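Protein chains: 2
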Amino acid sequence: MADKKCALPVTREEDFSAWYQAVITGADLAETSSVRGCMIIKPFGFAIWELMQSILDSKFKELGHSNCYFPLLIPVDLFEKEAEHVAGFAKEMAIVTHHRIEYKDGKFVPASPLEAPLAIRPTSELIIGESMAKWVNSYRDLPVMINQWCNIVRWEMRTRMFLRTSEFLWQEGHTAHETEEEARRESIVMHDVYHWFIRDILKMYCIAGEKPDHDRFAGAVDTLTIEAMMQDGKALQAATSHYLGQNFAKAVNIRFQGRDGALHYAHTTSWGATTRLIGGLIMSHADDDGLNLPSEIAPYHVVIIPILKGTDLDGEILEYCQKIKGSVQKDARVLVDSKEIPSQNKKWDYIRKGIPFICEIGMNELQNETVFFTKRASDLAKVRMSLGEFAARIKSNIQDHDSVLQRKNELSCNQKIVREIKTFEELRDYFSQSNGFVITKWSGSEKNLDLIEELAVSIRCLPTEQAGSLGKCILTGEDATIDVVLAKSY
Amino acid sequence: MADKKCALPVTREEDFSAWYQAVITGADLAETSSVRGCMIIKPFGFAIWELMQSILDSKFKELGHSNCYFPLLIPVDLFEKEAEHVAGFAKEMAIVTHHRIEYKDGKFVPASPLEAPLAIRPTSELIIGESMAKWVNSYRDLPVMINQWCNIVRWEMRTRMFLRTSEFLWQEGHTAHETEEEARRESIVMHDVYHWFIRDILKMYCIAGEKPDHDRFAGAVDTLTIEAMMQDGKALQAATSHYLGQNFAKAVNIRFQGRDGALHYAHTTSWGATTRLIGGLIMSHADDDGLNLPSEIAPYHVVIIPILKGTDLDGEILEYCQKIKGSVQKDARVLVDSKEIPSQNKKWDYIRKGIPFICEIGMNELQNETVFFTKRASDLAKVRMSLGEFAARIKSNIQDHDSVLQRKNELSCNQKIVREIKTFEELRDYFSQSNGFVITKWSGSEKNLDLIEELAVSIRCLPTEQAGSLGKCILTGEDATIDVVLAKSY
Chain W
143 MADKKCALPV TREEDFSAWY QAVITGADLA ETSSVRGCMI IKPFGFAIWE LMQSILDSKF
203 KELGHSNCYF PLLIPVDLFE KEAEHVAGFA KEMAIVTHHR IEYKDGKFVP ASPLEAPLAI
263 RPTSELIIGE SMAKWVNSYR DLPVMINQWC NIVRWEMRTR MFLRTSEFLW QEGHTAHETE
323 EEARRESIVM HDVYHWFIRD ILKMYCIAGE KPDHDRFAGA VDTLTIEAMM QDGKALQAAT
383 SHYLGQNFAK AVNIRFQGRD GALHYAHTTS WGATTRLIGG LIMSHADDDG LNLPSEIAPY
443 HVVIIPILKG TDLDGEILEY CQKIKGSVQK DARVLVDSKE IPSQNKKWDY IRKGIPFICE
503 IGMNELQNET VFFTKRASDL AKVRMSLGEF AARIKSNIQD HDSVLQRKNE LSCNQKIVRE
563 IKTFEELRDY FSQSNGFVIT KWSGSEKNLD LIEELAVSIR CLPTEQAGSL GKCILTGEDA
623 TIDVVLAKSY
Chain C
143 MADKKCALPV TREEDFSAWY QAVITGADLA ETSSVRGCMI IKPFGFAIWE LMQSILDSKF
203 KELGHSNCYF PLLIPVDLFE KEAEHVAGFA KEMAIVTHHR IEYKDGKFVP ASPLEAPLAI
263 RPTSELIIGE SMAKWVNSYR DLPVMINQWC NIVRWEMRTR MFLRTSEFLW QEGHTAHETE
323 EEARRESIVM HDVYHWFIRD ILKMYCIAGE KPDHDRFAGA VDTLTIEAMM QDGKALQAAT
383 SHYLGQNFAK AVNIRFQGRD GALHYAHTTS WGATTRLIGG LIMSHADDDG LNLPSEIAPY
443 HVVIIPILKG TDLDGEILEY CQKIKGSVQK DARVLVDSKE IPSQNKKWDY IRKGIPFICE
503 IGMNELQNET VFFTKRASDL AKVRMSLGEF AARIKSNIQD HDSVLQRKNE LSCNQKIVRE
563 IKTFEELRDY FSQSNGFVIT KWSGSEKNLD LIEELAVSIR CLPTEQAGSL GKCILTGEDA
623 TIDVVLAKSY
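Quick note, the sequences are listed as chains W and C, same order. Heads up, the first sequence stops at 632 in our numbering, and the numbers go up one at a time, no gaps. Heads up, the second sequence stops at 632 in our numbering, and the numbers go up one at a time, no gaps.
1) Using a Cβ cut-off of 7 Å (strictly closer), state whether Pro213(C) contacts chain W.
2) Scan the region 501–564 of chain W and note each continuous beta strand (DSSP E) run of 3 residues or more that stays entirely inside, going in chain order.
3) So which residues of chain W does Leu220(C) contact, with C-beta pairs closer than 8 Å?
4) Let me check one thing: in DSSP terms, what residues is Met181(C) bridge-paired to?
5) If you run the structure through DSSP and keep just helix, strand and coil, what is Ala282(C)?
6) Under a CB-based cut-off of 7 Å, is Met143(W) close to chain C?
7) Look up Trp297(W) in the DSSP assignment and say whether it is helix, strand or coil.
8) If you drop the 5 nearest sequence neighbours on each side, which residues of the same chain put their C-beta closer than 7 Å to that of Pro151(W)?
9) On the DSSP bridge list, what partners appear for Gln379(C)?
10) Could you please tell me which residues of the region 270–288 of chain W, in chain order, have their CB closer than 9 Å to any CB of chain C?
11) Only counting runs of 3 or more residues, tell me where the beta strand (DSSP E) segments fall wholly within the region 378–453 of chain W, in order along the chain.
12) Since Val406(C) and Phe398(C) are thought to touch, with beta carbons under 8 Å apart, how far apart are those beta carbons, to the nearest angstrom?
13) Check each candidate in Glu482(W), Glu461(W), Ala474(W) and Lys517(W) and name the one with the smallest Cα separation from Gly504(W).
14) Between which two residues does the alpha helix (DSSP H) carrying Leu593(C) extend?
15) Following the continuous beta strand (DSSP E) through Glu244(C), name the residue where it begins and the one where it ends.
16) Does Met143(C) come out as helix, strand or coil in the three-state DSSP assignment?
17) Ignore the nearest five residues each way along the sequence and tell me which others in Asn389(W)'s own chain have a CB closer than 6 Å to its CB.
18) In this structure, does DSSP put Asp364(C) in helix, strand or coil?
19) Look at the alpha carbon of Ile368(W) and the alpha carbon of Ala391(W), and state the distance between them as a whole number of angstroms.
20) Residues of chain W with CB closer than 9 Å to the CB of Phe304(C), please, in chain order.
21) Let's test the definition: count the other Cβ atoms within 10 Å of the Cβ of Ile483(W) and tell me whether it reaches 16, buried, or not, exposed.
22) Indicate the three-state DSSP secondary structure (helix, strand or coil) for Leu256(C) in the structure shown.
23) To which residues of the same chain is Lys489(W) closer than 8 Å at the C-beta, ignoring the five residues directly before and after it?
24) If we count the other Cβ atoms within 10 Å of its Cβ and call it buried at 16 or more, is Met143(C) buried or exposed?
25) Could you tell me whether the Cβ atoms of Leu604(W) and Ile624(W) are closer together than 7 Å?
26) Note down the Cα distance separating Gly613(W) from Asn289(W), rounded to an integer number of angstroms.
27) Please report the distance separating the alpha-carbon of Lys467(C) from that of Gln379(C).
28) Taking Cβ positions only, does Glu324(C) come closer than 7 Å to chain W?
29) Check for me: the alpha helix (DSSP H) holding Glu328(W) runs from which residue to which?
30) Is the Cβ of Ile182(W) closer than 7 Å to any Cβ of chain C?
31) Do Leu215(W) and Val177(C) count as a contact pair if the criterion is CB distance below 7 Å?
32) Run through the DSSP bridge pairs and tell me what Trp291(C) is partnered with.
33) Does the region 420–427 of chain W come close enough to the region 326–334 of chain W to have 3 or more Cβ pairs within less than 8 Å?
34) Could you tell me which of Arg561(W), Lys589(W), Lys524(W) and Ser308(W) sits nearest to Ile493(W), measuring between CA atoms?
35) Have a look at Gly271(C) and Leu198(W) and give me their C-alpha separation to the nearest angstrom.
36) Could you check the C-alpha separation between Leu171(C) and Arg526(W) for me, to the nearest Å?
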């Protein structure tokens with residue numbers, strides 16, 4: 143490793159955290175702003191988010207959800223209606239207390255106090271629930287299935303781009319149902335959508351499961367989660383889906399006349415995924431040369447860089463680049479980049495951006511009608527082929543690219559799945575020198591949870607696939623049948 | 143009029159303002175929330191907004207703009223950098239002063255004060271400019287052409303759904319250029335995009351022009367506007383595009399090394415359109431039966447309502463509805479609505495929603511393989527045709543629908559264009575009994591502007607198409623060559 147020249151100033155091995163930041167800077171995804179804890183998502187980063195949005199949004203709609211938009215500002219007293227919920231978010235709410243500023247003693251200061259303080263939404267269960275209460279009178283009005291794409295503020299003291307920022311972008315789905323069974327099913331269906339998206343579209347290694355009771359969403363009855371494994375062995379909670387029982391329905395009075403003629407509280411769910419997925423993507427697929435993009439969310443699959451020499455033939459080279467573009471654009475997203483930047487710089491910029499295929503096209507390629515390109519995911523392998531072959535193979539090349547990414551990620555993660563640890567001592571030893579997902583047994587009791595907290599380790603989830611075998615609880619040594627995933631996390 | 147039964151509880155003639163609200167309620171577009179001045183955009187209203195977004199967004203990208211995302215919260219002191227700008231927005235900023243709430247004396251109250259107050263963005267010129275200053279070093283880094291779709295808060299005391307709300311959704315484009323010429327051209331190109339969108343896509347009657355100096359965007363050098371005429375003769379400022387000169391570049395230091403080797407300030411532009419367009423759409427095309435939707439932004443062109451009788455044939459009717467859907471879905475957005483609601487209620491719901499073609503399909507249609515439908519825009523004309531003909535004609539029927547909407551709107555608006563008014567007395571008389579766009583002459587001086595302010599009338603714009611003829615200024619009686627549009631406005 144030490145001998146190889148890399149496109150980033152720091153490698154994963156040297157400093158994972160600095161490397162993460164270097165990937166973001168190198169791919170020009172985002173930057174810090176002058177506002178504490180809030181980042182700026184730059185065009186390339188935002189293009190990735192738009193592709194994620196578009197894939198998820200189509201799936202949500204296909205499943206019968208409609209988008210809508212609820213207010214950013216929520217009266218603080220509305221939060222008081224659900225005790226666990228307000229307790230869960232009280233510490234991280236940003237509060238609007240004034241409207242209007244006025245000039246005083248040489249600067250602008252808040253001027254007109256509001257009658258009652260407003261919170262910037264940290265999530266919208268209550269304000270959306272309030273509307274659902276108005277919309278729902280009879281079982282015929284159910285289910286209500288809505289979603290919104292919006293910004294969220296949760297005041298964070300220690301922030302990290304994409305992973306933890308005071309403001310972030312997300313989607314929040316909210317549904318109300320007639321029965322517990324139907325609501326639980328919805329929460330599972332949406333959990334499965336996230337699992338599909340994260341595993342099959344983003345090609346990220348992950349385990350689907352349920353959160354333990356002590357780590358549910360504030361106010362939820364059940365929280366389902368996708369825990370993705372990052373290259374450093376830590377877990378990232380990548381998307382969650384909650385069955386909220388009747389808790390929120392009771393708090394805001396979502397009641398309906400049932401088929402039996404009596405009044406019932408609805409059963410609700412909520413589910414969300416955020417720009418944090420971009421952080422997960424980086425820590426799953428990026429390497430010491432920068433980002434790597436699974437094809438479905440790559441703003442471009444192919445970038446074509448003309449190598450111009452300032453001769454009469456430059457025009458022909460540019461024309462040939464357009465011809466290459468024309469030959470693959472029905473199967474791939476293609477960009478010809480003829481900006482006035484040295485072509486070597488451009489090439490490395492696109493390597494750091496994780497573009498799957500980077501073509502360098504000059505005299506040689508023009509004269510022989512070939513395409514010379516770098517395969518980003520395959521250790522920057524350089525390939526030359528005829529234009530005809532390049533066009534004929536582009537679809538399968540994109541598929542191969544995805545397979546390579548997935549396989550690399552799987553290989554690296556599989557090594558960090560540990561199933562042999564049976565006692566707390568072994569666990570402590572393991573986490574004192576390594577990071578990974580330890581799959582072991584738990585009794586389900588919260589006794590001795592502080593032991594793992596001291597290791598900065600937590601129960602990430604109870605995987606959906608449970609072996610059902612008998613073993614000893616990692617925390618108490620008691621008989622236990624529940625499989626759990628233990629890991630450090632982001 | 144009085145004899146005709148209408149689908150809305152109030153007509154335009156009876157009470158335009160109550161009618162406007164009735165259209166929104168009747169089409170289920172939006173509702174008020176528990177937060178002062180903030181509305182909830184419901185699924186049908188949001189689907190219209192998503193179609194608007196998608197058309198504009200494609201056009202922005204086609205013209206070379208990239209989307210990105212900047213923070214919601216802006217330090218108040220950043221606003222102080224541009225004096226006119228801060229003065230323009232000081233009165234309507236919502237201010238965050240605390241993070242965290244705590245329980246005290248029986249309720250939750252703001253707990254931890256921020257070091258410095260943050261404004262919720264009323265617009266993002268300064269925070270985006272701050273980034274541009276970092277991005278731009280040389281003329282090679284220009285132009286920067288970005289856009290963001292986001293929420294905006296401008297605290298309003300008197301609000302009205304879609305037209306004036308404390309929070310609204312919009313897009314804001316921001317660009318930086320090497321020269322004044324290029325920046326001015328950009329502001330005109332984007333103004334033309336809005337003109338195309340509002341006139342050709344939304345089929346709204348409008349006049350494109352420039353704002354007078356006293357009514358520019360706070361901090362702009364030139365503001366271009368699309369002034370749409372509502373059915374009551376009032377103007378709606380539907381979208382604006384600003385040439386900002388070097389004002390913001392100087393405020394936040396967007397400087398670059400030019401081709402001459404010297405340092406120059408960039409020339410910037412900004413341009414935006416908001417959910418207000420939905421308000422404009424309503425007041426352009428809705429009638430006493432509710433909304434009317436131009437096809438490009440209609441969530442559905444065709445809705446098919448099965449008329450079921452609870453007999454064995456219901457299954458066949460439903461199948462036939464699917465067959466109709468299948469026969470037109472390549473040319474139209476189609477919904478089969480088989481919800482358990484009486485079909486007459488459904489039909490009127492879709493009339494109020496402005497769906498162009500509402501089909502009622504029962505035994506008769508099934509047996510004769512015909513389609514019976516209501517043409518929303520053509521005074522609810524009822525038509526029966528064979529399924530084959532319906533499918534063959536759907537494209538031209540959609541075009542006709544758009545033509546009818548446009549023609550009706552033009553007819554109504556043309557009657558309210560007044561070119562004969564030459565003196566202030568005539569103007570006062572006109573506006574004391576009528577509303578419309580008065581096109582007359584202005585000297586360009588701000589003298590006597592208070593005269594029209596007293597009539598609640600303003601100079602909406604200096605139309606792009608100027609006759610250039612000599613006349614007398616409506617305000618001063620002096621010689622004047624500038625054509626202006628005077629109107630009351632939303």
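Beta carbons are placed, not taken as given, at the ideal position from N, Cα and C, and that holds for glycine. Just so it is clear, the structure is predicted and the values come from calculations on it, not from any experiment.
In short, the structure shows the following:
1) At a cut-off of 7 Å between C-beta atoms, Pro213(C) counts as an interface residue with respect to chain W.
2) Within the region 501–564 of chain W, the runs of beta strand (DSSP E) at least 3 residues long that lie entirely inside it are, in chain order, 512–517 and 523–528.
3) Going along chain W in sequence order, the residues near Leu220(C) (Cβ under 8 Å) are Ser176.
4) DSSP links Met181(C) through a beta bridge to Thr174(C).
5) Here residue 282(C) is Arg; the residue named in the question, Ala, does not match the sequence. Residue state for Arg282(C) is assigned as helix, using DSSP reduced to three classes.
6) Note on Met143(W): pLDDT 42, under 50, position unreliable in the model; the coordinate value appears next. The beta-carbon of Met143(W) is placed no less than 7 Å from the nearest beta-carbon of chain C.
7) Taken through DSSP and simplified to helix, strand or coil, Trp297(W) comes out as coil.
8) Cβ contact annotation for Pro151(W) (same chain, cutoff 7 Å, sequence separation greater than five): Ala164, in chain order.
9) In the DSSP output, where bridge partners are listed per residue, Gln379(C) has Glu369(C).
10) Within the region 270–288 of chain W, the residues whose Cβ lies closer than 9 Å to any Cβ of chain C are, in chain order, Ile270, Glu272, Ser273, Lys276, Trp277, Arg282 and Ile288.
11) Along the length of the region 378–453 of chain W, whole beta strand (DSSP E) runs at least 3 residues long occupy 397–399, 405–407, 409–416 and 444–448, reported in chain order.
12) Note that residue 406(C) corresponds to His in the displayed sequence, not to Val. With 8 Å as the limit, His406(C) and Phe398(C) qualify as a contact, their Cβ atoms being about 6 Å apart.
13) Among Glu482(W), Glu461(W), Ala474(W) and Lys517(W), the Cα nearest to that of Gly504(W) is on Glu461(W).
14) It spans Leu591 to Glu596 - the alpha helix (DSSP H) in which Leu593(C) sits, taken as one unbroken run.
15) First-last of the beta strand (DSSP E) with Glu244(C): Ala236 to Lys246.
16) Annotation note: pLDDT 42 at Met143(C) (below 50); position unreliable, no value reported.
17) Around Asn389(W), the same chain offers Gly361 as residues with beta carbons nearer than 6 Å, after the five sequence neighbours per side are excluded.
18) In the structure shown, Asp364(C) sits in a strand (DSSP, three-state: E or B).
19) Their Cα atoms are separated by approximately 26 Å.
20) Simply none; closest approach about 12 Å.
21) Classification for Ile483(W): exposed.
22) The three-state secondary structure of Leu256(C), taken from DSSP, is strand.
23) By the criterion of a C-beta distance shorter than 8 Å, Lys489(W) is surrounded in its chain by Ile447, Ile500, Glu502 and Thr516, once the five residues flanking it on both sides are discounted.
24) The pLDDT assigned to Met143(C) is 42, lower than 50, so where the model puts this residue is not dependable, and the model offers no usable value.
25) Yes; because the gap between Cβ atoms is below 7 Å, this pair is in contact.
26) Rounded to the nearest angstrom, the gap between the Cα atoms of Gly613(W) and Asn289(W) is 42 Å.
27) The straight-line gap from Cα to Cα measures roughly 39 Å.
28) Among the CB atoms of chain W, none fall inside 7 Å of the CB of Glu324(C).
29) If you look at Glu328(W), you'll find it in the alpha helix (DSSP H) that goes Glu322 to Trp338.
30) Output row for Ile182(W): interface = yes.
31) In this structure, Val177(C) places its C-beta atom within 7 Å of the C-beta atom of Leu215(W).
32) Per DSSP, the beta bridge partners of Trp291(C) are Gln313(C).
33) With contact defined as three or more Cβ pairs closer than 8 Å, the region 420–427 of chain W and the region 326–334 of chain W are not in contact.
34) Of the listed residues, the one whose Cα sits closest to Ile493(W) is Lys524(W).
35) C-alpha separation (whole angstroms): 32 Å.
36) CA-CA distance, Leu171(C) to Arg526(W), rounds to 56 Å.
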